[in-house]
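**Q** All the letters of the first sequence, read from the start, carry residue numbers 1 to 636 under full-length UniProt numbering. Got a structure for you, written out below as structure tokens; questions coming shortly.
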Amino acid sequence: MFAYKPKSLLLSLPKHISNSQNFLVNSNSQLSPPLSSLPPRPSIPQTKQAHAQIIVSGLAADSPLISHLLCFLALSPSTPFHYSLSLYQSIKYPSVFATNNMIRCFAKSDSPPQSLLLFSSMLRTCVKPNNHTFTFLLQACSRALALNEGAQVHTVAVKLGFGGYVFVRNALIHLYCSCSRIECSKRLFEENASSRDVVTWNSMLTAFVRDEQIGAAEKLFEEMPERDVISWSTMISGYVQNGRLEEGLECFKQMREKGMRLNEATLVSVLSASAQLGLLEHGRLVHSLVESLNFPLTVSLGTALIDMYAKCGCIEQSKLLFKNMPKKDIWTWNVMICGLASHGLGKEALAIFQRFIDEGFHPVNVTFIGVLGACSRAGLVSEGRRHFKLMTEKYSILPEMEHYGCMVDMLGRAGFLDEAVQLIEKMTVPPDPVLWATLLGACKIHGSIELGEKIGKKLLKLDPTHDGHYVQLASIYAKARKWEDVIRVRRLLVEQNTNKAAGWSLIEAQGTVHKFVAGDREHERSLEIYKMLEKIGIRIAESGYSPNVSSVLHDIGEEEKENAIKEHSERLAMAFGLLVTGAGDCIRIVKNLRVCEDCHEVSKIISKVFEREIIVRDGSRFHHFKDGKCSCLDYW
DNA sequence: TTAGGGTTAG
Numbered sequence: 001m002f003a004y005k006p007k008s009l010l011l012s013l014p015k016h017i018s019n020s021q022n023f024l025v026n027s028n029s030q031l032s033p034p035l036s037s038l039p040p041r042p043s044i045p046q047t048k049q050a051h052a053q054i055i056v057s058g059l060a061a062d063s064p065l066i067s068h069l070l071c072f073l074a075l076s077p078s079t080p081f082h083y084s085l086s087l088y089q090s091i092k093y094p095s096v097f098a099t100n101n102m103i104r105c106f107a108k109s110d111s112p113p114q115s116l117l118l119f120s121s122m123l124r125t126c127v128k129p130n131n132h133t134f135t136f137l138l139q140a141c142s143r144a145l146a147l148n149e150g151a152q153v154h155t156v157a158v159k160l161g162f163g164g165y166v167f168v169r170n171a172l173i174h175l176y177c178s179c180s181r182i183e184c185s186k187r188l189f190e191e192n193a194s195s196r197d198v199v200t201w202n203s204m205l206t207a208f209v210r211d212e213q214i215g216a217a218e219k220l221f222e223e224m225p226e227r228d229v230i231s232w233s234t235m236i237s238g239y240v241q242n243g244r245l246e247e248g249l250e251c252f253k254q255m256r257e258k259g260m261r262l263n264e265a266t267l268v269s270v271l272s273a274s275a276q277l278g279l280l281e282h283g284r285l286v287h288s289l290v291e292s293l294n295f296p297l298t299v300s301l302g303t304a305l306i307d308m309y310a311k312c313g314c315i316e317q318s319k320l321l322f323k324n325m326p327k328k329d330i331w332t333w334n335v336m337i338c339g340l341a342s343h344g345l346g347k348e349a350l351a352i353f354q355r356f357i358d359e360g361f362h363p364v365n366v367t368f369i370g371v372l373g374a375c376s377r378a379g380l381v382s383e384g385r386r387h388f389k390l391m392t393e394k395y396s397i398l399p400e401m402e403h404y405g406c407m408v409d410m411l412g413r414a415g416f417l418d419e420a421v422q423l424i425e426k427m428t429v430p431p432d433p434v435l436w437a438t439l440l441g442a443c444k445i446h447g448s449i450e451l452g453e454k455i456g457k458k459l460l461k462l463d464p465t466h467d468g469h470y471v472q473l474a475s476i477y478a479k480a481r482k483w484e485d486v487i488r489v490r491r492l493l494v495e496q497n498t499n500k501a502a503g504w505s506l507i508e509a510q511g512t513v514h515k516f517v518a519g520d521r522e523h524e525r526s527l528e529i530y531k532m533l534e535k536i537g538i539r540i541a542e543s544g545y546s547p548n549v550s551s552v553l554h555d556i557g558e559e560e561k562e563n564a565i566k567e568h569s570e571r572l573a574m575a576f577g578l579l580v581t582g583a584g585d586c587i588r589i590v591k592n593l594r595v596c597e598d599c600h601e602v603s604k605i606i607s608k609v610f611e612r613e614i615i616v617r618d619g620s621r622f623h624h625f626k627d628g629k630c631s632c633l634d635y636w
């Protein structure tokens, strides 16, 4: 049997087996996130009540009875181990059963390495470990990401003849996967082809997914002799974690077609995919499944739903869910703050943040990405400055690139360009090209040609393959009507052999996702869409609209520029939306890039002349167009 | 005797 070789063999066997004195626990071991909810078990108060009755009945010295209580505690979701330990210590001669359950209590607590110390003392007191002992010990090592200790447990398990037990081996595959030793997991998996069960396969599937080997995971998933709900959930979350969202949803579809039972993990992953893609209809379908299958609205599921509705443009639905969540954790608050921020509801986001603090929660870096993003999108400059200070000084959170990004965006767009430059100069981490590009965008808004040119040139050196920088710099020149410079930058762009990133927009209609790129003529209803575009053109011209072509980089005539704008992907999606939705229905569009100035203007006019609410999620935020106005108040 | 391993994102 394969055994991982630890860096230094700190563990050898106890005296009756070998000796155990050298068993050391790595103090640097990190804890993995807490385990999620488990099936209903006797609660801690119930166990305590039973314990009290045992004492009153004079049975406190009955070791098997106390051992059973300990077993109940070990089965409960993660609890502090002090009570379990007091029970365990009341047993005069703890059996292997009692000790195993205490090891399990430690493994599930916030101090999993304690279980290794107990194992060490178990060996000294000559209680012989069994296969259960090793399963729990390996679980503790996995949770603590304690590779070295886990490898030692592996060695002992093999020496004592427990290496062949399928539970032990599965726990080992999981341990090495948790500690990023995928090759070790793979060897254990391959060495025992004849004695695998579904958990063995699932553990290996998880290992491939965590190592971002989606191809290998897909192959394994295909080969599996049996797939249970966890196999499917793992595959779906694998797709979602690796950004292969459509494939995640397709896998979910197949899972349902096979009549598989769903569980919380499946639903959370699928909600995340729906949210990231902005597919409201799909997200709603998942929500209705949650309700029809009577899934309890756990913190995870509730938070995933709040996030989905926020990312699909229904911030009111998110707010309602948030209000009605019986239990919230820090992530519930974080997604609510970030959701409000993305919809430009800065003041509401700050109010929620204040409630979060008042309820005694401690903010983390993501909380401040939401808070600073809220200030940035709503133009709340002094609040942004105050919260940035609060984050660094009161909560000692080291600002990351995203925090600086929010600040530079906020200051830059509000016209505080010098302050933004000063902030960048004071950064503890080197600014990335995205940050400079943010400032460049601000230079464009404020017509700051000199600074913009300086940053643009810097960007072209830093990141010459990114077409967006050329486009931005050329737009600055275009705004200043410096056409020769526009042509020069455009030539540079061509010489660098980069292409402008293709913008796309998508819209859902009757359960189908329709994706458009600029000038798209592939859609089966293309003719009707272009007719609708013409109709839109006439109606908006009647209301006094004239095109703003400053965002068009191409060195082409004015008429052609107008046409290029007219066929932007979001225009096609909007035209399609007007075709397929009923009068008065809201049109929802998801766009990968930021919406251009002209399309923004046109969307406002369409919302008025066609009497439609249009919600666009662009690469940066939400725009709610209604009655000729946008929720961003033209500040984006 | 009793118990055990694998899936969740924001």
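Glycine included, every Cβ here is placed at the ideal spot set by N, Cα and C. Just so you know, these numbers come straight off a predicted model, no measurement behind them.
Tell me whether Thr206 sits in a helix, a strand or coil according to DSSP, three-state version.
**A** Here Thr206 sits in helix by DSSP.
**Q** Quick check on Met532: does DSSP put it in helix, strand or coil?
**A** Here Met532 sits in helix by DSSP.
**Q** Find out if the Cβ-Cβ distance for the pair Ala217, Phe189 is shorter than 9 Å.
**A** No, these two residues do not count as a Cβ contact at 9 Å.
**Q** At 4 residues or longer, what runs of the alpha helix (DSSP H) sit wholly inside the stretch 441 to 500?
**A** Counting only runs of 4 or more, we get 449 to 462, 467 to 479 and 483 to 495.
**Q** Rounded to a whole number of angstroms, what is the C-alpha to C-alpha distance between Glu257 and Cys251?
**A** About 10 Å.
**Q** What does a CB cutoff of less than 7 Å around Asn28 pick up in its chain, not counting 5 residues either side in sequence?
**A** In this prediction, Asn28 has a pLDDT of 31, which is less than 50 and means its spatial position is unreliable; what the coordinates show is noted afterwards. Same-chain partners within the cutoff: there are none.
**Q** What are the start and end residues of the beta strand (DSSP E) that includes Leu505?
**A** Note that residue 505 is Ser in the sequence shown, not Leu. Where Ser505 is concerned, the enclosing beta strand (DSSP E) stretches over Trp504 to Ala509.
**Q** With 16 other CB atoms within 10 Å as the buried threshold, where does His623 fall?
**A** When all chains shown are included, His623 counts as buried.
**Q** Should the stretch 481 to 494 be called in touch with the stretch 515 to 526, which here means at least 3 C-beta pairs below 8 Å?
**A** Touching, no, given that fewer than three Cβ pairs across the two stretches are closer than 8 Å.
**Q** Using beta-carbon positions only, say whether Val486 and Leu279 come within less than 9 Å of one another.
**A** In this structure, Leu279 does not lie closer than 9 Å to Val486 by Cβ.
**Q** Does the stretch 322 to 337 touch the stretch 279 to 288, meaning 3 or more C-beta pairs lie closer than 8 Å?
**A** Output reads no: the stretch 322 to 337 does not touch the stretch 279 to 288.
**Q** Contact defined as beta carbons within less than 8 Å: I believe Glu597 pairs with Ala518. What is the distance between those atoms, to the nearest angstrom?
**A** Contact flag wrong, Cβ pair sits at about 16 Å.
**Q** For Thr79, does the three-state DSSP call read helix, strand or coil?
**A** Of the three classes helix, strand and coil, the one that applies to Thr79 here is coil, per DSSP.
**Q** State yes or no: is the C-beta of Gln422 nearer than 8 Å to some heavy atom of the ligand SAH?
**A** Only the bare structure without any ligand can be found here, which leaves the ligand SAH out of the picture.
**Q** Could you name the residues of the same chain whose beta carbon sits closer than 7 Å to that of Ser607, not counting the 5 residues immediately before and after it, in chain order?
**A** These residues qualify, in order along the chain: Glu613, Ile614, Phe625, Lys626, Asp627 and Gly628.
**Q** For Lys311, report the span of its alpha helix (DSSP H) as first-last.
**A** First-last of the alpha helix (DSSP H) with Lys311: Val299 to Lys311.
**Q** Just the Cα atoms here: how many angstroms apart are Leu380 and Val429?
**A** The straight-line gap from Cα to Cα measures roughly 25 Å.
**Q** Can you tell me whether DSSP reads Thr581 as helix, strand or coil?
**A** Coil at Thr581, not helix or strand.
**Q** What is the DSSP secondary structure of His287, reduced to helix, strand or coil?
**A** Of the three classes helix, strand and coil, the one that applies to His287 here is helix, per DSSP.
**Q** Taking only three categories from DSSP, how would you classify Cys179?
**A** Coil, per DSSP.
**Q** In three-state terms, what does DSSP make of Phe295?
**A** Of the three classes helix, strand and coil, the one that applies to Phe295 here is coil, per DSSP.
**Q** What residue from Val609, Lys482 and Leu145 has the CA that sits closest to Gly544's CA?
**A** For the residues Val609, Lys482 and Leu145, the minimum Cα distance to Gly544 belongs to Val609.
**Q** Whole angstroms is fine: what's the gap from Ile449's alpha carbon to Glu383's?
**A** Each residue's Cα considered, the two are about 28 Å apart.
**Q** Could you check where the alpha helix (DSSP H) with Val335 kicks off and where it finishes?
**A** First-last of the alpha helix (DSSP H) with Val335: Ile330 to Ser342.
**Q** Could you tell me which residues DSSP pairs with His623 in its beta bridges?
**A** Looking at the DSSP assignment, His623 forms a beta bridge with Val616.
**Q** With burial defined as no fewer than 16 other Cβ atoms inside 10 Å of the residue's Cβ, what is the status of His82: buried or exposed?
**A** The residue is exposed, with fewer than 16 neighbouring Cβ atoms inside 10 Å.
**Q** Is the beta carbon of Ser111 closer than 9 Å to that of Thr79?
**A** In this structure, Ser111 does not lie closer than 9 Å to Thr79 by Cβ.
**Q** Note the first and the last residue of the continuous beta strand (DSSP E) segment covering Arg377.
**A** Arg377 -> not in any beta strand (DSSP E); alpha helix (DSSP H) instead, spanning Asn365 to Ala378.
**Q** Go ahead and pull the three-state DSSP assignment for Lys591.
**A** In this structure, Lys591 counts as strand in the three-state DSSP scheme.
**Q** Does DSSP classify Phe322 as helix, strand or coil?
**A** In the structure shown, Phe322 sits in a helix (DSSP, three-state: H, G or I).
**Q** By Cβ distance, which residues of its chain are closer than 7 Å to Ala414, with the 5 residues on each side in sequence left out?
**A** Closer than 7 Å at the Cβ level, and outside the excluded window around Ala414, lie Gly379 and Val381.
**Q** Between Gly360, Ile330, His174 and Cys375, which lies nearest to Lys347 when the distance is taken from Cα to Cα?
**A** Of the listed residues, the one whose Cα sits closest to Lys347 is Cys375.
**Q** Can you tell me which residues form a DSSP beta bridge with Phe516?
**A** Phe516 is bridged to Ser505.
**Q** If we count the other Cβ atoms within 10 Å of its Cβ and call it buried at 16 or more, is Met574 buried or exposed?
**A** Looking at its Cβ environment, which holds 16 or more other Cβ atoms inside 10 Å, Met574 is buried.
**Q** Relative to the C-alpha of His282, which candidate in Ser300, Glu246, Met260 and Ala265 has its C-alpha closest?
**A** It is Glu246 whose Cα lies nearest to the Cα of His282.
**Q** For Thr303 versus Lys328, is the C-beta distance shorter than 9 Å?
**A** Result yes, Cβ atoms of Thr303 and Lys328 sit closer than 9 Å.
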